[in-house]
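Throughout the sequence shown, residue numbering follows the numbering used here, covering 28 to 403 in sequence.
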Amino acid sequence: MKKKRSIFILALLITLSLIPVSAAAETTPQIPDTAVEFNGHYYQYYTNTMTWQNAQAACEKLGGHLVAINSQNEQTFLENYLSYKDGNSPQGKYMIGMHRNITGLDKWVTGESVTYTNWGKDEPDNLGQRQNTVIFNNGGTLGYGGSSYQITFGQWDDDNDSSYKYVCEWDYKPAWSNSSAWSSPELQKAQEIDLIPDILYNADMTQSITRQEFAAVCVKVYENLSGTNALPAVTNPFSDCRDTEVLKAYNVGITNGIDMTSGTFAPNKYLNREQAATMLTRTFKRVTMPGWTLDTDSSPKFVLTYAKPTPFRDDNNISDFAKNSVYFMAANNIISGVGNNTFAPKNITDKQTAEGYANATREQALVIAVRMVENL
């Protein structure tokens, strides 16, 4: 039994060793605002020093990886980006996504084959059989007078395993790459005006959106319209959710959960169309009506003024708490009906629930978020 277990563990370790380092930890991209875009990828240099393994882990934690350089154009871009001559970054050695013992010198950390190189003279040489870390020289020529060791600015070198600066890369994927054709133009707008929260990056936009995801969308809308950053509630009122964006939405007044008696938010429950209208209307009120809160929402001074459209055929199915919001959104061409003058506010039957009849999709949620910003 002990022998079989040892064989199993050995096989597992061999299998894991074949997985690219970057595949070990996938997370939602958290691309810094200071990152620079080139050919659909984002890059950010870091001047704090750490080992190659720790730098790769730091990049992975942000949803990226140590930079993989696949062409002369990308190499030239990085030379310009890291050019110490222009004072854009401190000079020194910057680690890239290749390591002799971890990826080999024929593979990038992404699992891609190394098809382009820019090694310095007679590099890589593995001097002393202990040079495993690959660095990008962001400084003056490295080498000794008269020796073959010459690494000029921008060239690569294998160096001792030590602590160096590093460059992270994010393989940017537009939100509209996983969406329906009709929504792509407005999803592109959502990207441009920063309405897409981290939780929806690389998500399938055609699928139903959860309450947690839509709360994050509403926070983005609030921050866009108000020009301020939302802060999370200090005390969490929910027993089933600790998400920071949900706590921001609660603190702003966008949502108070499903049942405040039990303190539940139901973060993973699919959002329906009347809930979407209600949360966006609250967002609008919070931005445009000084003094508005959920507690004061019933006050006459916070009644919305608009020309009410013709009632929907399924008006009786719209919850009382949502009715005013639904027609306010419809009047401003933000949320329309689903055809035959019906709104589909929520799922009424088991069949509708199974089919997701009244569920809002992620792309629909982002499209109405864009319209909210543009129309109001």
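Note that CB positions come from ideal geometry on N, CA and C, so glycine has one too.
task: Could you check what DSSP says for residue 261 in three-state terms: helix, strand or coil?
output: Position 234 of the sequence shown, counted from the first residue, corresponds to residue 261. In the displayed model, residue 261 falls within coil according to three-state DSSP, outside both helix and strand.
- request: Jot down the residue ranges of each uninterrupted alpha helix (DSSP H) in the region 365–397, minimum 4 residues, whole runs only, in chain order.
  value: Correct list: 377–382.
query: Where does residue 182 land, buried or exposed, given buried means 16+ other C-beta within 10 angstroms?
result: Numbered from 1 along the sequence shown, position 155 holds the residue referred to as residue 182. With 16 or more other Cβ atoms within 10 Å, it is buried.
task: Mind the definition here: the region 258–267 touches the region 316–330 only if three or more C-beta pairs lie below 8 angstroms; say whether that holds.
output: Taking one beta carbon from each stretch, the region 258–267 and the region 316–330 have fewer than 3 pairs nearer than 8 angstroms; the two do not touch.
field: Proximity to residue 393 [Cα-Cα], best of 304, 187, 365
entry: Residue 393 sits at position 366 when you count from the first residue of the sequence shown. Proximity to residue 393 across 304, 187, 365 peaks at 304, based on C-alpha coordinates.
field: Stretch-stretch touch, CB-based, cutoff 8 angstroms, three pairs: the region 152–166 with the region 183–190
entry: Because the criterion of three Cβ pairs below 8 angstroms is met, the region 152–166 and the region 183–190 touch.
Residue 178 - partner residues in DSSP beta bridges: Start at 1 with the first residue of the sequence shown, and residue 178 comes out as number 151. Per DSSP, 169.
When 371, 362, 95 are compared against residue 140, the one with the closest alpha-carbon: For this step, residue 140 is matched to residue 113 along the sequence shown. The shortest C-alpha separation from residue 140 is found at 95.
- prompt: Ends of the alpha helix (DSSP H) at residue 241?
  reply: Counting from 1 along the sequence shown, the entry for residue 241 is found at position 214. Taken as a continuous stretch (DSSP letters only), the alpha helix (DSSP H) holding residue 241 covers 238–253.
message: Taking 8 angstroms as the threshold (C-beta atoms), are residue 370 and residue 341 in contact?
response: Position 314 of the sequence shown holds residue 341. Position 343 of the sequence shown holds residue 370. Taking 8 angstroms as the cut-off, the beta carbon of residue 341 is found closer than this to the beta carbon of residue 370.
task: Pick helix, strand or coil for residue 131, following the three-state DSSP scheme.
output: One-based indexing of the sequence shown puts residue 131 at position 104. Strand at residue 131.
query: Once you ignore the five residues that flank residue 179 on each side, which residues in its own chain have a CB closer than 6 angstroms to its CB?
result: Reading the sequence shown from its first residue, position 152 is the one you call residue 179. In chain order, 168 place their CB closer than 6 angstroms to the CB of residue 179, counting only its own chain and leaving out the 5 sequence neighbours on each side.
query: Helix, strand or coil: which one does DSSP assign to residue 306?
result: Counting from one through the sequence shown, the residue named residue 306 turns up at place 279. Here residue 306 carries a helix assignment [DSSP, helix/strand/coil].
message: Just to confirm before moving on: does the CB-CB distance between residue 278 and residue 293 stay below 8 angstroms?
response: Your numbering for residue 278 matches position 251 in the sequence shown. Your numbering for residue 293 matches position 266 in the sequence shown. Contact: no.
- prompt: Between residue 399 and residue 238, what straight-line distance do the alpha-carbon atoms span, to the nearest angstrom?
  reply: Mapped onto the sequence shown, residue 399 falls at position 372. Mapped onto the sequence shown, residue 238 falls at position 211. If you take the alpha carbons of residue 399 and residue 238, they lie about 18 angstroms apart.
query: Residue range of the beta strand (DSSP E) that residue 185 falls in?
result: As a position in the sequence shown, residue 185 is number 158, starting the count at 1. Counted as a single uninterrupted DSSP element, the beta strand (DSSP E) harbouring residue 185 occupies residues 183–187.
- request: To the nearest angstrom, report how far apart residue 216 and residue 397 are at their CA atoms.
  value: Stepping through the sequence shown from its first residue, residue 216 is reached at position 189. Stepping through the sequence shown from its first residue, residue 397 is reached at position 370. In a straight line, the C-alpha of residue 216 is about 7 angstroms away from that of residue 397.
First through last residue of the beta strand (DSSP E) which encompasses residue 203: Here residue 203 refers to the residue found at position 176 of the sequence shown. Residue 203 -> no beta strand (DSSP E), and no H or E assigned at all.
Cα-Cα separation, residue 164 to residue 84: Numbered from 1 along the sequence shown, position 137 holds the residue referred to as residue 164. Numbered from 1 along the sequence shown, position 57 holds the residue referred to as residue 84. Their backbone Cα atoms lie some 22 angstroms apart in a straight line.
message: Buried or exposed, going by whether 16 or more other CB atoms sit within 10 Å of the CB of residue 143?
response: Against the sequence shown, residue 143 aligns to sequence position 116. With fewer than 16 other CB atoms across the displayed protein chains lying within 10 angstroms of its CB, residue 143 is exposed.
query: Nearest-angstrom Cα distance between residue 98 and residue 162?
result: On the sequence shown, position 71 is the one that residue 98 refers to. On the sequence shown, position 135 is the one that residue 162 refers to. Rounded to whole angstroms, residue 98 to residue 162 spans 17 angstroms at the Cα level.
message: Let me make sure I understand the geometry here. Which of 59, 192, 315 has the alpha-carbon closest to that of residue 78?
response: Locating residue 78 in the sequence shown gives position 51, where the first residue counts as 1. Of the listed residues, the one whose Cα sits closest to residue 78 is 192.
message: So the candidates are 65, 69, 124; which of them puts its Cα closest to the Cα of residue 100?
response: Looking up residue 100 in the sequence shown gives position 73. Of the candidates 65, 69, 124, the one whose C-alpha sits nearest the C-alpha of residue 100 is 65.
- prompt: Residues bridged to residue 164 by DSSP?
  reply: By 1-based counting over the sequence shown, the position of residue 164 is 137. Note: residue 164 sits in a beta bridge opposite 120.
message: Could you check whether residue 375 and residue 344 sit closer than 8 angstroms to each other, using their CB atoms as the reference points?
response: Residue 344 sits at position 317 when you count from the first residue of the sequence shown. Residue 375 sits at position 348 when you count from the first residue of the sequence shown. A contact, by the Cβ cut-off of 8 angstroms.
- prompt: Going by Cα to Cα distance, which pick from 245, 296, 218, 298 is closest to residue 274?
  reply: Numbered from its first residue, the sequence shown carries residue 274 at position 247. When each option's Cα is compared against that of residue 274, the closest is 245.
field: Whole-number beta carbon distance between residue 225 and residue 57, since they are thought to touch under 8 angstroms
entry: For the purposes of this step, residue 57 is taken as residue 30 along the sequence shown, with counting starting at 1. For the purposes of this step, residue 225 is taken as residue 198 along the sequence shown, with counting starting at 1. The pair is a contact, with the Cβ atoms about 6 angstroms apart (cut-off 8 angstroms).
- prompt: Is it true that the CB of residue 195 sits closer than 8 angstroms to the CB of residue 93?
  reply: In the sequence shown, counting from the first residue as 1, residue 93 sits at position 66. In the sequence shown, counting from the first residue as 1, residue 195 sits at position 168. Annotated as proximal: residue 93 and residue 195, with beta-carbon spacing under 8 angstroms.
- prompt: Excluding sequence positions up to five away, which residues of its chain have a Cβ less than 8 angstroms from the Cβ of residue 75?
  reply: Start at 1 with the first residue of the sequence shown, and residue 75 comes out as number 48. Cβ within range, chain order: 192.
query: With 16 as the cutoff for other CB atoms within 10 Å, does residue 366 come out buried or exposed?
result: On the sequence shown, residue 366 is found 339 positions in, with the first residue counted as 1. Around the C-beta of residue 366, fewer than 16 other C-beta atoms lie within 10 Å, and the residue is accordingly described as exposed.
message: Based on DSSP bridge pairs, tell me the residues matched to residue 192.
response: Position 165 of the sequence shown, counting from 1, holds the residue named residue 192. By DSSP's assignment, residue 192 forms a beta bridge with 121.
query: DSSP puts residue 299 in a beta bridge; with which residues?
result: Position 272 of the sequence shown, counted from the first residue, corresponds to residue 299. Paired residues: 386.
message: Let's test the definition: count the other Cβ atoms within 10 Å of the Cβ of residue 213 and tell me whether it reaches 16, buried, or not, exposed.
response: Within the sequence shown, the letter at position 186 stands for residue 213. Per the 10 Å Cβ criterion, buried.
- prompt: If we cut at 8 angstroms on Cβ distances, does residue 353 have a partner in chain D?
  reply: Absence of chain D from the displayed structure is noted, only one protein chain being present.
task: Taking all protein chains shown into account, decide if residue 317 is buried (16 or more other Cβ within 10 angstroms of its Cβ) or exposed.
output: Here residue 317 refers to the residue found at position 290 when the sequence shown is read from its first residue. Per the 10 Å Cβ criterion, exposed.
Same chain, Cβ closer than 8 angstroms to residue 28, five either side skipped, listed in chain order: Within the sequence shown, the letter at position 1 stands for residue 28. Per-residue confidence for residue 28 stands at a pLDDT of 44, beneath the threshold of 50, marking its modelled position as unreliable; the derived number appears in the next sentence. There are no such residues.
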